[in-house]
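These notes are about the structure you will find just below.
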RNA sequence: GGAGGAGUUCCAGAGCGGUCAAAUGGGGCAGACUGUAAAUCUGUUGCUUUACGGCUUCGAUGGUCCGAAUCCAUCCUCCUCCA
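Residue numbers (our numbering): 7 to 418.
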């Protein structure tokens with residue numbers, strides 16, 4: 007089975023410009039392909055995961071990925087699928103974001119010995135001459151056709167600036183430029199990139215009289231069709247500073263039953279055979295599949311060690327074990343106490359388990375807070391140093407709701 | 001350039017002089033049920049206070065009034081129609 011079939015079986019491929027040609031390109035040849043990333047934030051999030059996984063799959067099959075950072079296009083912002091215009095970023099922000107992306111990506115894609123290429127389209131976009139560009143590239147685009155594209159249609163209802171309208175042209179130009187520089191013949195992207203990719207394919211045909219291809223990947227959605235990777239706190243980030251490995255692990259541990267198999271296919275390298283066995287699981291057994299998913303995904307992003315820690319912390323918390331070593335924790339100093347005690351509400355706020363005292367009080371009133379397994383009954387309850395000291399350990403474990411556990415260590 | 005319309009709490013969206021911290025829905029959080037699932041039901045959802053209460057919010061700034069999210073003026077932003 008070729009890598010193309012593997013991708014297809016895992017449900018990673020949404021659309022292709024020419025399935026037969028691409029199959030041949032991926033199964034029988036060494037191909038240089040590219041994927042673009044918009045450096046709009048200083049960390050990748052789950053939405054970027056699929057393209058990176060596909061790149062990793064293809065790289066393992068011997069192809070050469072070009073990871074293109076939109077240092078130039080990022081200064082415009084892709085209007086696709088956005089209801090409002092994006093805020094513009096400064097050059098410094100973009101440069102910073104790109105370096106963060108590179109670091110995170112290198113976990114999955116091997117950049118050693120030229121096995122993968124990093125490019126930044128600012129290299130060719132920044133110094134374009136407007137008149138020349140219009141004469142050379144601009145003539146190849148029909149506004150009528152662009153407006154007919156679904157992605158622009160939606161924006162026409164809400165407003166689309168000329169500025170943003172250029173995004174498609176620039177992305178198409180990227181493809182042409184990468185074809186010229188590296189012989190790149192295949193562009194990958196999210197399914198929402200379809201029309202932008204087609205633009206590039208056509209541009210190469212017109213300028214170089216050569217065939218190029220595009221392939222899009224499905225967006226990661228759950229069984230209800232909603233995008234995954236978002237939580238109440240925002241996106242699930244790949245940066246451990248923004249989303250701790252434990253929270254990251256828990257996110258995947260808690261996916262719905264209906265989504266587990268799909269996520270395993272798309273987000274892990276677990277062999278298809280093994281995944282198929284999970285498809286028949288029911289009830290309690292489903293949890294094994296979820297644990298595997300969470301572990302594998304965490305391992306890929308944060309490394310084996312962090313994945314182990316997250317898993318054993320989760321097992322300890324939700325099982326019977328008393329292992330609190332890897333539980334999310336924070337420290338509190340004796341100086342935070344007033345007259346040798348500290349109110350439960352203040353403690354919740356201080357550890358950020360509650361954003362305000364009012365919220366903390368609500369939690370207590372609704373029976374959502376427990377300290378070392380004992381439910382806190384009164385918002386006025388206080389803790390003293392003695393509460394922290396038992397069996398030589400200087401900490402307490404606070405449980406908020408059903409799933410949030412937090413260890414507070416007394417220091418000093 | 002001209003003519004209209006709109007900006008409300010996380011989002012959508014009511015309110016149009018006092019009874020408004022502001023309806024309703026979504027989302028979030030908590031509780032029950034469970035498998036750290038889904039669905040469902042209940043409670044809750046500005047800050048502060050044990051509580052009475054106090055404080056800050058309805059694009060911005062001023063003003064009218066005993067009293068303004070609600071009226072007036074100026075400004076900013078967005079939308080629609082015409083050119």
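The C-beta atom is built at its ideal place from N, Cα and C for all residues, glycine as well.
On a Cα-Cα basis, can you pick out the residue from the options that is closest to residue i?
i           : options               : result
residue 272 : 24, 60 and 28         : 60
residue 198 : 213, 220 and 308      : 220
residue 325 : 293, 131 and 202      : 293
residue 385 : 188, 291, 363 and 336 : 363
residue 208 : 119, 340, 147 and 377 : 147
residue 39  : 64, 26 and 21         : 64
residue 12  : 194, 275 and 183      : 275
residue 101 : 399, 79 and 114       : 79
residue 131 : 120, 108, 75 and 365  : 75
residue 407 : 125, 375 and 394      : 375
residue 98  : 34, 125, 45 and 149   : 45
residue 420 : 378, 411, 412 and 405 : This structure gives no information on residue 420, because the portion of the chain shown stretches from 7 to 418.
residue 77  : 108, 400, 62 and 51   : 108
residue 404 : 139, 183, 323 and 280 : 323
residue 309 : 14, 113 and 16        : 113
residue 418 : 399, 338 and 119      : 338
Would you report the Cα separation of residue i and residue j, rounded to the nearest angstrom?
i           : j           : result
residue 215 : residue 180 : 16 Å
residue 286 : residue 56  : 25 Å
residue 225 : residue 234 : 9 Å
residue 402 : residue 227 : 38 Å
residue 302 : residue 357 : 29 Å
residue 18  : residue 246 : 26 Å
residue 67  : residue 9   : 7 Å
residue 145 : residue 22  : 26 Å
residue 176 : residue 123 : 20 Å
residue 203 : residue 71  : 16 Å
residue 314 : residue 409 : 19 Å
residue 269 : residue 321 : 21 Å
residue 264 : residue 291 : 13 Å
residue 149 : residue 205 : 12 Å
residue 34  : residue 413 : 54 Å
residue 115 : residue 304 : 16 Å
residue 169 : residue 213 : 24 Å
residue 43  : residue 50  : 9 Å
residue 284 : residue 388 : 47 Å
Secondary structure at residue i, three-state DSSP: helix, strand or coil?
i           : result
residue 304 : helix
residue 412 : strand
residue 277 : coil
residue 203 : helix
residue 337 : strand
residue 69  : coil
residue 395 : strand
residue 126 : strand
residue 21  : strand
residue 193 : strand
residue 347 : strand
residue 282 : helix
residue 62  : helix
residue 79  : helix
residue 380 : strand
residue 184 : helix
residue 144 : helix
residue 369 : helix
residue 296 : helix
Within the same chain, show all residues whose beta-carbon is closer than 6 Å to that of residue i, passing over the 5 residues directly before and after it, in chain order.
i           : result
residue 249 : 242 and 243
residue 143 : 179
residue 3   : Here the chain covers residues 7 to 418 and nothing more, so residue 3 does not appear.
residue 103 : 45 and 48
residue 382 : 350, 370 and 375
residue 300 : 255, 258 and 259
Within 10 Å of its beta-carbon, does residue i have 16 or more other beta-carbons around it, so buried, or fewer, so exposed?
i           : result
residue 211 : exposed
residue 137 : exposed
residue 105 : exposed
residue 111 : buried
residue 306 : buried
residue 312 : buried
residue 133 : exposed
residue 278 : exposed
For residue i, which residues from the same chain have a beta carbon less than 8 Å from its beta carbon, with the 5 sequence-adjacent residues on both sides left out?
i           : result
residue 296 : 258, 259, 260, 261 and 266
residue 6   : Nothing about residue 6 can be read from this structure; the chain reaches only from 7 to 418.
residue 36  : 68, 69 and 70
residue 28  : 10, 22, 192, 219 and 221
residue 252 : 315, 316, 319, 320, 332, 333 and 334
Cutting at 7 Å between CB atoms, please list the residues of its own chain near residue i, excluding the five before and the five after it.
i           : result
residue 360 : 354, 366 and 369
residue 135 : none
residue 393 : 402
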